[in-house]
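Asks: One point on numbering: in the numbering used here, the residue at position 1 of the sequence shown is 4, and numbering is uninterrupted.
Supplied in structure tokens, the structure appears directly below.
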Amino acid sequence: MRFHVGRKRLIVIVVSAVVLVTIIIGALVGTSVSTNSKSNGKNPSSQTSEAQSIRAMFNATRYPDSCYSSMSSSLKASSNETNPNPDPKTLFLLSLQVSPIELTKLSSLPQWIMYSNSFKNETSDSLVQSALHACEILFLDAIDQVNESMSSIQVGQGDKTVFLTSKINDIRTRLSTAITDQDTCIAGLQDTAKHLILTDVVRYAMINSTDFTSNSLAIASIIVKMLDDQGIPIHRKLLTVDHDLDMGFPSWVNKIDRRLLQQENPVPNLTVAKDGSGVFRTIRETVDSIPKNSKSRFVIYVKEGIYVENVKIEKQQWNVMMYGDGMNKTIISGSLNNVDGVTTFLSGTFIAEGRGFIAKDMGFKNTAGPQKEQAVALRSSSDQSIFHRCSFDPYQDTLYTHSNRQFYRECQIIGTIDFIFGNAAAIFQNCTIQPRQPMEKQNSTITAQSRTDPNQNTGTVASPSNNVR
């Protein structure tokens, strides 16, 4: 039986959380008010004490030196005689504000490298070109993730909204994704093994942006841990399934979407059919008609057939549902791969980036074959994406659960090497996972989770109900 908290009690809990965090941060950062009311200056000993207290807070991050250097002046500028210590909202915002500045500088680097005479030899390689293009996309997404985190703090009714369950989870997810984006850029460049100098140049340029993003995530995680230690139920684990709800969906799947998934034939907004009986003959044509930033479901029915095309649900295309006539009847097939010069991040036959994407009763294939190495059937970077009764079928790197929150139910996943990989908070339930016979001198490995920061709220969870053949 679920535990329901009454409205009054919930308000008390949230207010208590805010008060507690304010006390915690006050204790960590310290109070440094001048004893001389006529002069607004601070004596040297109080300044030293404040600096030591600030550093004590920053020492809990992974990169304390960069945290201190990037934030200490901002903290002093934001404080005053009536409010000498930062409140939780201010602390979050100050830690976040430095990241987009560095990421914006970084976003122009791939284009600079492409047209620089210094890297003329490296950029003649099509795989390097593809990896740099991916880096450009990833850096822009990281900027958006951090900016959305700041916006979610700034918009709301006072500081207490920062500590609502959904908001703190959303912030941690976005910051985790911003880190994953930067890691993915480096991973793509590392696939171009003969160009190690180029990889090192980009990695060096990313030092500030990766440090600052990690520090913001660490501060958020520290506050959450402190609240947990005090027994305040401030957040819910992202990688758990609420089994008290119908059919055991993750807590972030709303009731409307649960009902929609249980309907066998939802009424579509558009229909795709190869035989011309739908509005469009190809899925890509249909995707071009999807509205942007929609808060309501846009449903696409894809009739039986093999659709040989590469499809991408763009980042601004929210709440799209696509369903077919069955995982072995409605199939999207492509063949992009590493050997032919496409980086792993861009090789997906189907790519879902817009938040809230749902796929049901569809198959996704990459027919490149084992000799072509990394060749993705589907990549999801879509937050709160759901895949129900779908199949994923290539060889190496089949299913790229890249980032954000994802849920897979009653799916079939086939592959050879690392065929479920990425850094999403991904849950697999009642799925069939089938390793293929690898090439000579290769081993079949099912999962490759790529979390790099201990504060990321990511991981791969496979429930006991899954069937590994």
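Every residue, glycine too, gets a C-beta built ideally from N, C-alpha and C.
Nearest by alpha-carbon distance to V314: which of H198, D291, S119 is it?
Replies: Working through the sequence shown from its first residue, we reach residue 314 at position 311. For the residues H198, D291, S119, the minimum Cα distance to V314 belongs to D291.
Asks: Could you check whether the segment 335 to 343 touches the segment 304 to 312, counting it as contact only if at least three pairs of C-beta atoms, one from each stretch, sit closer than 8 Å?
Replies: As far as the Cβ criterion goes, the segment 335 to 343 touches the segment 304 to 312, which means the pair count is three or higher.
Asks: How is the beta strand (DSSP E) around I420 delimited, first residue to last?
Replies: In the sequence shown, counting from the first residue as 1, residue 420 sits at position 417. Taken as a continuous stretch (DSSP letters only), the beta strand (DSSP E) holding I420 covers 420 to 425.
Asks: Do the CB positions of G425 and Y398 come within less than 7 Å of each other?
Replies: Here residue 425 refers to the residue found at position 422 of the sequence shown. Here residue 398 refers to the residue found at position 395 of the sequence shown. No; because the gap between Cβ atoms is not below 7 Å, this pair is not in contact.
Asks: Less than 8 Å between the CB atoms is what I'm expecting for I423 and T463, so what's the real figure, rounded?
Replies: Taking the sequence shown and counting its residues from 1, one reaches residue 423 at position 420. Taking the sequence shown and counting its residues from 1, one reaches residue 463 at position 460. Indeed they touch by this definition, with Cβ atoms about 7 Å apart.
Asks: Using three-state DSSP, classify S336 as helix, strand or coil.
Replies: In the sequence shown, the residue the question calls residue 336 occupies position 333. S336 falls in the strand class under three-state DSSP.
Asks: Counting Cβ pairs closer than 8 Å, one from the segment 140 to 156 and one from the segment 198 to 205, do we hit at least three?
Replies: Contact between the segment 140 to 156 and the segment 198 to 205 is absent, because fewer than three Cβ pairs lie under 8 Å.
Asks: Which residues does DSSP list as the beta-bridge partners of N470?
Replies: For the purposes of this step, residue 470 is taken as the residue at position 467 of the sequence shown. Paired residues: T435.
Asks: When burial is assigned at 16 or more other CB atoms within 10 Å of the CB, is R358 buried or exposed?
Replies: Sequence index remark: in the sequence shown, residue 358 carries index 355 (1-based). Label assigned to R358: buried.
Asks: Counting along the chain, where does the beta strand (DSSP E) carrying M325 start and finish?
Replies: If you number the sequence shown from 1, residue 325 lands on position 322. Looking at the DSSP string, the run of the beta strand (DSSP E) that includes M325 is 323 to 326.
Asks: Considering D474, what are the terminal residues of the alpha helix (DSSP H) in which it resides?
Replies: Residue 474 is absent from the model: the chain starts at 4 and stops at 472.
Asks: Y71 by DSSP, collapsed to three states: which one?
Replies: Along the sequence shown, one-based indexing puts residue 71 at 68. Reduced to three states, the DSSP call for Y71 is helix.
Asks: Label K258 either buried or exposed according to how many other C-beta atoms from any shown protein chain fall within 10 Å of its C-beta, with 16 as the threshold for buried.
Replies: As a position in the sequence shown, residue 258 is number 255, starting the count at 1. By the 10 Å Cβ count, K258 comes out exposed.
Asks: Could you name the residues that DSSP lists as bridge partners for S388?
Replies: Residue 388 sits at position 385 when you count from the first residue of the sequence shown. Per DSSP, Q409.
Asks: Kindly give me the distance between the Cβ atoms of L264 and I389, rounded to whole angstroms, as I take these residues to be in contact under 8 Å.
Replies: Reading the sequence shown from its first residue, position 261 is the one you call residue 264. Reading the sequence shown from its first residue, position 386 is the one you call residue 389. Sure, about 7 Å apart at Cβ, within 8 Å.
Asks: Would you call the segment 127 to 141 and the segment 63 to 78 touching, i.e. three or more CB-CB distances under 8 Å?
Replies: Counting Cβ pairs under 8 Å, fewer than three are found: no touch.
Asks: Distance, Cα to Cα, S299 vs N62?
Replies: Taking the sequence shown and counting its residues from 1, one reaches residue 299 at position 296. Taking the sequence shown and counting its residues from 1, one reaches residue 62 at position 59. Straight-line Cα distance between these residues: approximately 44 Å.
Asks: Note down, in chain order, each residue of its chain lying with its Cβ closer than 7 Å to the Cβ of E105, except the 5 sequence neighbours on either side.
Replies: Locating residue 105 in the sequence shown gives position 102, where the first residue counts as 1. Counting only Cβ-Cβ distances below 7 Å, and skipping sequence neighbours, we find N211, S212, F215.
Asks: Tell me whether V342 is buried or exposed, calling it buried when 16 or more other Cβ atoms sit within 10 Å of its Cβ.
Replies: Here the question's residue 342 lines up with position 339 in the sequence shown. Exposed, by the Cβ-count rule.
Asks: Can you check whether the CB of S98 is closer than 7 Å to the CB of S219?
Replies: By one-based count along the sequence shown, residue 219 stands at place 216. By one-based count along the sequence shown, residue 98 stands at place 95. Yes, they are a contact pair.
Asks: Could you tell me the alpha carbon to alpha carbon distance between I361 and V345, rounded to whole angstroms?
Replies: To locate residue 361, count along the sequence shown from 1; it is residue 358. To locate residue 345, count along the sequence shown from 1; it is residue 342. Each residue's Cα considered, the two are about 26 Å apart.
Asks: May I ask you to report which of helix, strand or coil DSSP gives P103?
Replies: As a first step, residue 103 must be located in the sequence shown, where it is residue number 100. Correct three-state label for P103: helix.
Asks: Once DSSP output is grouped into helix, strand and coil, what is the label at G308?
Replies: In the sequence shown, residue 308 corresponds to position 305, counting from 1. Correct three-state label for G308: strand.
Asks: Between Q387 and I182, how many whole angstroms is the CB-CB distance? I'm expecting something under 8 Å.
Replies: Your numbering for residue 387 matches position 384 in the sequence shown. Your numbering for residue 182 matches position 179 in the sequence shown. Not a contact, Cβ separation roughly 19 Å.
Asks: What is the DSSP secondary structure of D396, reduced to helix, strand or coil?
Replies: Translated into the one-based positions of the sequence shown, residue 396 becomes position 393. Note: D396 maps to strand in three-state DSSP.
Asks: Once you ignore the five residues that flank S297 on each side, which residues in its own chain have a CB closer than 7 Å to its CB?
Replies: Translated into positions along the sequence shown, residue 297 becomes position 294. Within the same chain, S297 has close Cβ partners W321, N322.
Asks: State the CB to CB distance for the pair Y326 and D364, rounded to an integer number of angstroms; the pair is presumed to be in contact (CB under 8 Å).
Replies: As a working mapping, residue 326 is identified with position 323 in the sequence shown. As a working mapping, residue 364 is identified with position 361 in the sequence shown. Their Cβ separation, rounded to whole angstroms, is 5 Å, which keeps Y326 and D364 in contact under 8 Å.
Asks: May I ask which residues mark the beginning and end of the beta strand (DSSP E) holding T450?
Replies: Mapped onto the sequence shown, residue 450 falls at position 447. Looking at the DSSP string, the run of the beta strand (DSSP E) that includes T450 is 448 to 452.
Asks: S155 and K170 look like a contact to me (Cβ under 8 Å); what is the Cβ gap, rounded to whole Å?
Replies: Counted from its first residue, the sequence shown places residue 155 at position 152. Counted from its first residue, the sequence shown places residue 170 at position 167. Contact holds; Cβ gap of about 6 Å.
Asks: In chain order, what residues of the same chain lie with their CB nearer than 8 Å to the CB of M209, ignoring the 5 residues before and after it?
Replies: Counting from one through the sequence shown, the residue named residue 209 turns up at place 206. The answer, listed in chain order, is L109, Q185, C188, I189.
Asks: Among the candidates I416, Q409, S453, G329, whose CA atom is the shortest distance from the CA of P355?
Replies: Looking up residue 355 in the sequence shown gives position 352. The sequence shown places Ala at residue 355, not Pro. For the residues I416, Q409, S453, G329, the minimum Cα distance to A355 belongs to Q409.
Asks: Which residue marks the beginning of the beta strand (DSSP E) containing R382, and which one marks its end?
Replies: As a first step, residue 382 is located in the sequence shown; it is residue number 379 there, counting from the start. Counting along the chain, the beta strand (DSSP E) containing R382 begins and ends at 381 to 383.
Asks: Output the boundary residues of the beta strand (DSSP E) element that contains Y403.
Replies: Reading the sequence shown from its first residue, position 400 is the one you call residue 403. Element bounds for Y403: 402 to 404.
Asks: Round the Cβ separation of L381 and F353 to the nearest angstrom and send it over; I've been treating them as touching at under 8 Å.
Replies: By one-based count along the sequence shown, residue 381 stands at place 378. By one-based count along the sequence shown, residue 353 stands at place 350. Contact flag correct, Cβ pair sits at about 5 Å.
Asks: Taking the CB atoms as reference points, tell me whether S152 and L192 lie closer together than 7 Å.
Replies: Walking along the sequence shown from the start, residue 152 turns up at place 149. Walking along the sequence shown from the start, residue 192 turns up at place 189. For S152 and L192, no; Cβs fall outside 7 Å.
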